[in-house]
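Numbering (our numbering), first residue to last: 170 to 979.
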């Protein structure tokens, strides 16, 4: 608290203004602790129509906006006063007046603003007073917000018997503190009860702000510091000790502000000053310019005698002698080599634990240059002298015809046939085992027979123990490596936060953290972690990356990369009309590339929509939200189907709505709707049509029209994605190729070249409609849910139904 006035602390006369003079009277008295105080009393209860005013001296408020007034007083019970008939009161009024300076000793009632009528919780009688049982009342009132330099308080008596024991005026502020190596100054609280004042911190001496994480705190209305965000870190050469940064001592260094502690100088190096960011090498020892400060200084341990043992067309075998002064035990040798005639001299390296090595995968008839260096605990020595060796010429392969050696041909065919037969039998056995066992009940799913290098999505539901799926596909993180900074949203299972992840030996990174709410059931925990089991199988620049999970602590967390611009639909609505068509096509290309990757892995998303695409600071779009690969139960965009589940109708293919046939082809349909969302800057598909109307319209062949300013080529691709026959829809690899062609040659955007063999009638583009049912263009547009385009029709000259009837597709 910051005290502006405390009448109890003043021992001399207060000299407040009393009007009329025979009203309030200043007297000396004793408080409840028998301490001498100055009080004001009034007790004109025997006379009617009392109006006695008392005004304090001028109070300068400083930086305060919200002022607290604490009153302590006693009040006489009117029933204990003999002879009083109807004029006695048991309340008084509190007022204030704002001014920029003192206004003298005049008192004008109409210039004061009423704060409140003050009533006593307890009143006393004559007997109480005789026994000195002071029934002290305490009331606190708040004034604000105040805008001028100061104010007066005034007390109005209308006929009570009252004594003001003390008046205290104060405001609240958060006192300066040091938090996370940042100094936060004294801060006056906000003007509202619920306000939080955000305060920027200043780093203490020899500290700097953490990258993109400036220190902030919030001062509450009660004068408490809340919600610390960001921090400062000690600069290179300094380490944290308490609330300060101290220099590293002699013989120690800290090369980066990201390091937590000072480190001892590496081998064969020193420093003789405090606050060093690196150590100097001892005499006769060296460190390369490219070596970091943590690398030890070394003396040359050069490998000089190198012998070529064996030279072939595509390999060379080398041997060498151990250096005479190795500077410690040699643990490894590094062989560097490159083509002699290569202009850019791209090096390759081979390592060996012994004094010989074979370098493979060379080109025939090619000159190579070799150098070798040794490695000890003190670091690498220098490379030895260059050795030039040319590989042998490539021999002409002998052609053996079937007539020259039929036995070899027969043997080769027999071996190949045997191998194929073994693979066919093996594949049949595995497929039959998998079909008989079913996905549920296996301790882990049986791997399908695949070509080398391919990767197939494995449904976590096939695991009997879901925890095993999580730990197979997701990395377990230590909760101490995660710092939650603020809440950015709410998910199905708990809060979604932003924060930092700092893994040992790596720079910290921004992450998003999904948390599992307290009191979860085992099924909720399993469903929550199922998304991590799915995400952990994916690795693509257009699919949101899983950093790991926390399952062995509380709260249970899923940690993913942080996407600064949030969901695509909200991002587009926020930046309506601010991107070029090519930029929008680039976003669509990224989404299609991510879906091509998922489709190639055999994964069906089932809920592809702009709200489930995330955007980072570089406008890279990434597919996310893999918690709905099963039946969707609580989506607000969903509608019940005949099978009892819920699906997002506006984004879902007809066969998936009617028969629950979810395939990559149904994801393509959803992708077409995402295209429409992007080109319309986040407009709601099918506008305010009901879900049932959407289902009916789609079944009748209606399709969404091209958004405003959408090139015909892009709309044709949407129509291709919305083919009723799923076999006629393009594949995601075709979509990526089409978008790549549009980006390379923007003229193709103007030409509607699709992948389908027959055209589709878009929504509202049927055979000539019957206009006789409508009286105006506006009425027709309202009937077909297009009233928002009324002004566009008028501006284009389509003011009558006859002109609309003559309108062409273009």
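C-beta atoms are modelled at their ideal positions from N, C-alpha and C, and glycine is treated no differently. Quick caveat, the model's predicted, so the values are computed rather than measured.
Taking C-beta to C-beta, are residue i and residue j nearer than 8 Å?
{"i": "residue 449", "j": "residue 440", "result": "yes"}
{"i": "residue 306", "j": "residue 225", "result": "no"}
{"i": "residue 333", "j": "residue 256", "result": "no"}
{"i": "residue 778", "j": "residue 817", "result": "yes"}
{"i": "residue 677", "j": "residue 765", "result": "no"}
{"i": "residue 729", "j": "residue 741", "result": "no"}
{"i": "residue 371", "j": "residue 404", "result": "no"}
{"i": "residue 263", "j": "residue 324", "result": "yes"}
{"i": "residue 342", "j": "residue 392", "result": "yes"}
{"i": "residue 462", "j": "residue 422", "result": "yes"}
{"i": "residue 820", "j": "residue 839", "result": "yes"}
{"i": "residue 646", "j": "residue 719", "result": "yes"}
{"i": "residue 352", "j": "residue 373", "result": "yes"}
Spatial neighbours of residue i within its chain, please: C-beta separation below 8 Å, excluding the five flanking residues on both sides.
{"i": "residue 789", "result": "710, 711 and 759"}
{"i": "residue 994", "result": "Any answer about residue 994 is impossible in this case: the structure gives the chain only from 170 up to 979."}
{"i": "residue 318", "result": "229, 230, 268, 269 and 270"}
{"i": "residue 894", "result": "none"}
Which residues mark the beginning and the end of the alpha helix (DSSP H) in which residue i is found?
{"i": "residue 540", "result": "First-last for residue 540: 536-545, but that is the beta strand (DSSP E), not the alpha helix (DSSP H)."}
{"i": "residue 678", "result": "Careful: residue 678 lies outside any alpha helix (DSSP H), inside the beta strand (DSSP E) at 678-684."}
{"i": "residue 963", "result": "959-964"}
{"i": "residue 834", "result": "833-848"}
{"i": "residue 288", "result": "Where residue 288 is concerned, there is no enclosing alpha helix (DSSP H), although the beta strand (DSSP E) it sits in stretches over 282-288."}
{"i": "residue 274", "result": "Residue 274 -> no alpha helix (DSSP H), and no H or E assigned at all."}
{"i": "residue 824", "result": "823-828"}
{"i": "residue 641", "result": "635-642"}
Which residue marks the beginning of the beta strand (DSSP E) containing residue i, and which one marks its end?
{"i": "residue 817", "result": "815-817"}
{"i": "residue 1013", "result": "The first residue shown for the chain is 170 and the last is 979, placing residue 1013 beyond what the model contains."}
{"i": "residue 444", "result": "Residue 444 -> no beta strand (DSSP E), and no H or E assigned at all."}
{"i": "residue 950", "result": "Segment 946-952 is the alpha helix (DSSP H) holding residue 950; no beta strand (DSSP E) there."}
{"i": "residue 207", "result": "205-212"}
Once you ignore the five residues that flank residue i on each side, which residues in its own chain have a CB closer than 6 Å to its CB?
{"i": "residue 175", "result": "337"}
{"i": "residue 172", "result": "339"}
{"i": "residue 402", "result": "379 and 426"}
{"i": "residue 400", "result": "349, 379 and 384"}
{"i": "residue 697", "result": "662 and 685"}
{"i": "residue 486", "result": "478, 479 and 527"}
Taking its Cβ as the centre, do 16 or more other Cβ atoms sit within 10 Å of residue i, making it buried, or is it exposed?
{"i": "residue 845", "result": "buried"}
{"i": "residue 877", "result": "exposed"}
{"i": "residue 629", "result": "buried"}
{"i": "residue 856", "result": "exposed"}
{"i": "residue 179", "result": "exposed"}
{"i": "residue 344", "result": "exposed"}
{"i": "residue 112", "result": "A question about residue 112 goes unanswered here, because the residues of the chain that appear run from 170 up to 979."}
Give the DSSP-derived three-state secondary structure of residue i in the structure shown.
{"i": "residue 869", "result": "coil"}
{"i": "residue 980", "result": "In the structure displayed, the chain extends from 170 to 979; residue 980 sits before or after that span and is not available."}
{"i": "residue 884", "result": "helix"}
{"i": "residue 695", "result": "helix"}
{"i": "residue 476", "result": "strand"}
{"i": "residue 198", "result": "strand"}
{"i": "residue 352", "result": "strand"}
{"i": "residue 902", "result": "helix"}
{"i": "residue 433", "result": "strand"}
{"i": "residue 269", "result": "coil"}
{"i": "residue 531", "result": "coil"}
{"i": "residue 766", "result": "helix"}
{"i": "residue 976", "result": "coil"}
{"i": "residue 993", "result": "Nothing can be reported for residue 993, as the shown portion of the chain is limited to 170 through 979."}
{"i": "residue 466", "result": "coil"}
{"i": "residue 889", "result": "helix"}
{"i": "residue 246", "result": "coil"}
{"i": "residue 706", "result": "coil"}
{"i": "residue 716", "result": "strand"}
{"i": "residue 486", "result": "strand"}
{"i": "residue 856", "result": "coil"}
{"i": "residue 155", "result": "The chain is shown only over 170 to 979; residue 155 falls outside these bounds and no answer can be derived."}
{"i": "residue 552", "result": "coil"}
For residue i, which residues from the same chain have a beta carbon less than 7 Å from its beta carbon, with the 5 sequence-adjacent residues on both sides left out?
{"i": "residue 367", "result": "385 and 387"}
{"i": "residue 495", "result": "470, 543 and 545"}
{"i": "residue 606", "result": "Any reading at residue 606 is ruled out, since the residue's pLDDT is 34, under 50, leaving its predicted position unreliable."}
{"i": "residue 522", "result": "501"}
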